[in-house]
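Please read the structure below before turning to the comments.
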Amino acid sequence: MNMMTDCLFIGHNEMDFTQYSNVVYDLGKDSPAYRDLRLNFIWHEQKRHTVTDIFNRYSNESMQFKIGDVLSTAISYLGTYLHRRGLTFDYINDFQAEKEELKNKLLAGNIRTIGITTTLYTVPTPILEICRFIRQYNKEARIIIGGPFVLNLHFISQDVKPLHNLLRSSKADALLTNPQGEAALVRVIQAFKNYESLDGIPNVTYWKNGVPATNKFEPEDNKLDENTVDWGLFGDRIGKFAGVRTCISCAFDCYFCGFNQRAGRLRTASLEAIERELDTLESIGTVKTVNFVDGTFNYPHDHFKDFLKMMTRKKYSFKWNSYLRCQFMDEETVKMMEESGCEGVYLGIESANQKVLNNMRKGVSLDQYKKGVSLLKKTGIIVHANFILGYVGETKETMKDTVNFINDYAPDFYRMQMWYLDAGTPIYKDREKYNIKGSNFMWSHDTMTSSEVCDYLDDIILNQIKSSIWLPVHNFNFHNLFRLIHMGMDVEDVKGFLRAFNEGIKEGIKYPGSTGISSEIIEEMKKHITKINR
1 MNMMTDCLFI
11 GHNEMDFTQY
21 SNVVYDLGKD
31 SPAYRDLRLN
41 FIWHEQKRHT
51 VTDIFNRYSN
61 ESMQFKIGDV
71 LSTAISYLGT
81 YLHRRGLTFD
91 YINDFQAEKE
101 ELKNKLLAGN
111 IRTIGITTTL
121 YTVPTPILEI
131 CRFIRQYNKE
141 ARIIIGGPFV
151 LNLHFISQDV
161 KPLHNLLRSS
171 KADALLTNPQ
181 GEAALVRVIQ
191 AFKNYESLDG
201 IPNVTYWKNG
211 VPATNKFEPE
221 DNKLDENTVD
231 WGLFGDRIGK
241 FAGVRTCISC
251 AFDCYFCGFN
261 QRAGRLRTAS
271 LEAIERELDT
281 LESIGTVKTV
291 NFVDGTFNYP
301 HDHFKDFLKM
311 MTRKKYSFKW
321 NSYLRCQFMD
331 EETVKMMEES
341 GCEGVYLGIE
351 SANQKVLNNM
361 RKGVSLDQYK
371 KGVSLLKKTG
381 IIVHANFILG
391 YVGETKETMK
401 DTVNFINDYA
411 PDFYRMQMWY
421 LDAGTPIYKD
431 REKYNIKGSN
441 FMWSHDTMTS
451 SEVCDYLDDI
461 ILNQIKSSIW
471 LPVHNFNFHN
481 LFRLIHMGMD
491 VEDVKGFLRA
501 FNEGIKEGIK
511 YPGSTGISSE
521 IIEEMKKHIT
531 KINR
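The sequence shown begins at 1 in full-length UniProt numbering and counts up one residue at a time.
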């Protein structure tokens, strides 16, 4: 008999886009949710296609763009965590692409537990699909579900009922309810391994005498320096791209964001620990670009400058990209970034109107943004700027300020997204104070409604932005720009491809009943894609 694997991790399950878009369409073709989604796809041959769909359609088989090309950050971290505590693990990185391999692993009968990560899920559908697949081929392994989706169920409602409902619907054996949860995971695996009860293990929802039960919630503090990823454990699966985490939570307290409410205080890895992890990646020899996944990567500022000095000293063969708070930029820092191998930054600017920024509690001045973007644009660093439209205090005039900012400072790429009213954010708790009604994509307040934002956003894309390129995000995102580049696509061809894709989006806005786009747009996209097929 094969040796038992203590935990098999299953990575992301990307829903079929046609199926997903049909579900959203059923909310109403004029619903804000569908109008938001419409800005992420084009119609081609009577079917909706994302950027990734079109790229894969017209690129060689060897150049196909897949989620599994990048090892899950959650799997690399959790696998290392278990390994250092004497537990064995295996993993499936991409559920849809690796179903046959997963089936074989399940049928082998040597898996003790299965860990399902939920980092990118906003609905339970992908989780339930994974659980049904598991039980089709293996009825013995214990299923453990953890991550942001599970955490949010309790965080938003402050009630255990949603956790119990997920336990029932998924037929899982345990849910982990802590923002970190690594320690709970180890204890749950060990309990299953030793045929012990889960009673008394904090941060766990499980079956007790045939009914769901939730143990007490208790903070975990897993030290980043002690738990850096051992990339050597995954060497045969590391390709050109890797994601690295250097901190937990966020130092800022934006009114529209609930991230640090869930994750707690900011904890940052030491420079020595980051260097050790990057040294391991360098030794593998395949990595071309590292994406630092932290939302507050360049804060504290002195720590960031020390990081840049280290990167310059080490002269790693790979490039890097990250999220960035550009209010902390100065000429020295920007120069150090370029010298250290930075190839791109994602700026969460959110608004270019000072009143709206103040309402968001961003803690930044518009002049700081102008200075930061101007300095970055003088370099070869690719700049993406993200904005939120419709927040409290937003009007057509304040949105025009944001449009003018994009045109004046010309980030390479931009994204404007309608404000999503998350029930787990501080402003939601104060919604009566601002006469906010509704939630998610359906909301109104004293100065705007979500439907008005949709109308204005359509007009912005069609008529108002001069040179910056709209970046669709469904099945694609900022980090994937660098995947295209390191697959052999020239930066100007990446831009040309996305400009053509955006012309297809514009046709969809102009002719909402059409199920195709002009052949000229298809040929323009193919022209840029096929350059890397040669």
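For each residue, glycine too, the CB sits at the ideal point set by N, CA and C.
Assumed close pair Ile-42, Phe-405 - CB separation to whole angstroms, cut-off 8 Å: As a position in the sequence shown, residue 42 is number 42, starting the count at 1. As a position in the sequence shown, residue 405 is number 405, starting the count at 1. The pair is not a contact, with the Cβ atoms about 27 Å apart (cut-off 8 Å).
Alpha helix (DSSP H) runs contained entirely in the segment 218–305, provided each spans 4 or more residues: 259–263, 271–284
Buried/exposed call for Met-3, threshold 16 Cβ in 10 Å: Looking up residue 3 in the sequence shown gives position 3. Its Cβ having fewer than 16 others within 10 Å, Met-3 is exposed.
Using a 10 Å radius around the Cβ and a threshold of 16 neighbouring Cβ atoms, would you call Asp-221 buried or exposed? Taking the sequence shown and counting its residues from 1, the one referred to as residue 221 is at position 221. So Asp-221 counts as exposed.
Give me, in chain order, the residues of the same chain whose beta-carbon lies closer than 8 Å to that of Arg-262; leave out the 5 immediate sequence neighbours on both sides. Start at 1 with the first residue of the sequence shown, and residue 262 comes out as number 262. Hits under 8 Å: Pro-148, Leu-151, Asn-152, Phe-155, Pro-179, Gly-424.
For Leu-281, the nearest candidate out of Lys-319, Lys-305, Lys-400, Asp-294 (CA to CA): Locating residue 281 in the sequence shown gives position 281, counting from the first residue. Out of Lys-319, Lys-305, Lys-400, Asp-294, Lys-319 has the C-alpha closest to the C-alpha of Leu-281.
By the three-class DSSP mapping on this structure, what secondary structure does Arg-48 have? As a first step, residue 48 must be located in the sequence shown, where it is residue number 48. DSSP places Arg-48 in strand when its eight states are reduced to three.
Using only alpha-carbon positions, find the residue among Lys-527, Gly-504, Thr-312 that is nearest to Glu-45. Here the question's residue 45 lines up with position 45 in the sequence shown. Minimum Cα distance to Glu-45 is reached at Gly-504.
Let me make sure I understand the geometry here. Which of Pro-219, Asp-225, Val-244 has the alpha-carbon closest to that of Trp-231? For the purposes of this step, residue 231 is taken as residue 231 along the sequence shown, with counting starting at 1. In this structure, Val-244 is the residue among Pro-219, Asp-225, Val-244 with its C-alpha nearest to the C-alpha of Trp-231.
Can you check which of these residues, Glu-339, His-301, Lys-288, Phe-297, is closest to Ile-312 by C-alpha distance? Here the question's residue 312 lines up with position 312 in the sequence shown. Contrary to the premise, residue 312 reads as Thr rather than Ile in this sequence. Looking at the Cα atoms, Glu-339 is the closest of the given residues.
Would you kindly work out how many angstroms separate the C-alpha atoms of Asp-490 and Arg-499, rounded to a whole number? Residue mapping note: residue 490 aligns to position 490 of the sequence shown, counting from 1. Residue mapping note: residue 499 aligns to position 499 of the sequence shown, counting from 1. Going from the Cα of Asp-490 to the Cα of Arg-499 covers about 14 Å.
Please classify Glu-140 as buried or exposed, where buried requires at least 16 neighbouring CB atoms within 10 angstroms. Translated into positions along the sequence shown, residue 140 becomes position 140. Looking at its Cβ environment, which holds fewer than 16 other Cβ atoms inside 10 Å, Glu-140 is exposed.
For Val-24, which three-state DSSP category applies? Indexing the sequence shown from 1 puts residue 24 at position 24. For Val-24, the secondary structure class from DSSP, reduced to helix, strand or coil, is helix.
C-alpha distance - Leu-87 paired with Ile-201, whole-angstrom precision: Along the sequence shown, one-based indexing puts residue 87 at 87. Along the sequence shown, one-based indexing puts residue 201 at 201. Leu-87 and Ile-201: Cα-Cα distance of roughly 18 Å.
Extract the residue ranges of the beta strand (DSSP E) inside the segment 113–167, only unbroken runs of 3 or more that lie entirely within it. 142–145
Pick from Ile-461, Glu-182, Leu-471 that is closest to Met-85, judged by C-alpha positions: Position 85 of the sequence shown holds residue 85. The question names Met, yet the displayed sequence has Arg at residue 85. Ranking the options by Cα distance to Arg-85, first place goes to Glu-182.
If you draw a straight line from the C-alpha of Asn-13 to the C-alpha of Thr-122, how long is it? Residue mapping note: residue 13 aligns to position 13 of the sequence shown, counting from 1. Residue mapping note: residue 122 aligns to position 122 of the sequence shown, counting from 1. Roughly 12 Å between the two C-alpha positions.
So Ser-322 packs on Phe-292, CB below 8 Å; how close in whole Å? By 1-based counting over the sequence shown, the position of residue 322 is 322. By 1-based counting over the sequence shown, the position of residue 292 is 292. Distance from Ser-322 to Phe-292 at the Cβ level is roughly 4 Å; contact confirmed, criterion being Cβ atoms closer than 8 Å.
Apply the 10 Å Cβ neighbour rule to Thr-515 and answer buried if 16 or more other Cβ atoms are within range, or exposed otherwise. For the purposes of this step, residue 515 is identified with residue 515 of the sequence shown, where counting begins at 1. Exposed: under 16 other Cβ atoms inside 10 Å.
Residue ranges of each beta strand (DSSP E) run of no fewer than 3 residues wholly in the segment 306–393, ordered along the chain? You should have 319–324, 342–350, 382–389.
Can you name, in chain order, every residue of its own chain whose Cβ lies under 8 Å from the Cβ of Ser-170, other than the five neighbours on each side? In the sequence shown, counting from the first residue as 1, residue 170 sits at position 170. Closer than 8 Å at Cβ, skipping near neighbours: Pro-124, Ile-127, Leu-128, Cys-131, Ile-143, Ile-145.
State the Cα-Cα distance for the pair Thr-117 and Ala-74, rounded to the nearest angstrom. Your numbering for residue 117 matches position 117 in the sequence shown. Your numbering for residue 74 matches position 74 in the sequence shown. Cα to Cα, Thr-117 sits roughly 7 Å from Ala-74.
Leaving aside the five residues before and after Val-334 along the sequence, list all residues of the same chain whose C-beta is less than 7 Å from its C-beta, in chain order. Within the sequence shown, residue 334 is the residue found at index 334, counting from 1. Cβ within range, chain order: Leu-375, Leu-376, Thr-379.
For the segment 423–459, which segments carrying the beta strand (DSSP E) assignment without a break, of at least 3 residues, lie completely within its bounds, in sequence order? Here the runs fully enclosed are 437–439, 442–445.
Counting pairs of beta carbons, one from the segment 471–489 and one from the segment 444–460, are three or more of them closer than 8 Å? With the rule of 3 Cβ pairs closer than 8 Å, the segment 471–489 does not count as touching the segment 444–460.
Asn-203 burial status per 10 Å Cβ neighbour count (16 or more: buried): Counting from 1 along the sequence shown, the entry for residue 203 is found at position 203. Here Asn-203 is buried. Its C-beta has 16 or more other C-beta atoms within 10 Å.
Is it buried or exposed, Tyr-511, if we count other Cβ atoms within 10 angstroms and call 16 or more buried? Counting from 1 along the sequence shown, the entry for residue 511 is found at position 511. By the neighbour-count rule (16 or more Cβ atoms within 10 Å), Tyr-511 is not buried but exposed.
Ile-521 lies in the alpha helix (DSSP H); which residues open and close that run? Start at 1 with the first residue of the sequence shown, and residue 521 comes out as number 521. Unbroken alpha helix (DSSP H) run through Ile-521: 519–529.
Using three-state DSSP, classify Met-1 as helix, strand or coil. As a first step, residue 1 must be located in the sequence shown, where it is residue number 1. Legend: pLDDT at Met-1 = 47, less than 50; position of this residue unreliable, no value from coordinates given.
If you draw a straight line from the C-alpha of Leu-166 to the C-alpha of Pro-411, how long is it? In the sequence shown, residue 166 corresponds to position 166, counting from 1. In the sequence shown, residue 411 corresponds to position 411, counting from 1. Rounded to the nearest angstrom, the two C-alpha atoms are 42 Å apart.
Could you tell me which of Val-290, Thr-286, Glu-331 sits nearest to Gly-341, measuring between CA atoms? Taking the sequence shown and counting its residues from 1, the one referred to as residue 341 is at position 341. Among Val-290, Thr-286, Glu-331, the Cα nearest to that of Gly-341 is on Val-290.
Less than 7 Å between C-beta atoms, sequence neighbours within five positions excluded: which residues of the same chain meet that for Lys-193? The residue given as residue 193 occupies position 193 in the sequence shown. The answer, listed in chain order, is Asp-6, Arg-112.
Short check: CB of Phe-252 to CB of Thr-296, under 8 Å? Counting from one through the sequence shown, the residue named residue 252 turns up at place 252. Counting from one through the sequence shown, the residue named residue 296 turns up at place 296. Cβ distance < 8 Å, so Phe-252 and Thr-296 count as in contact.
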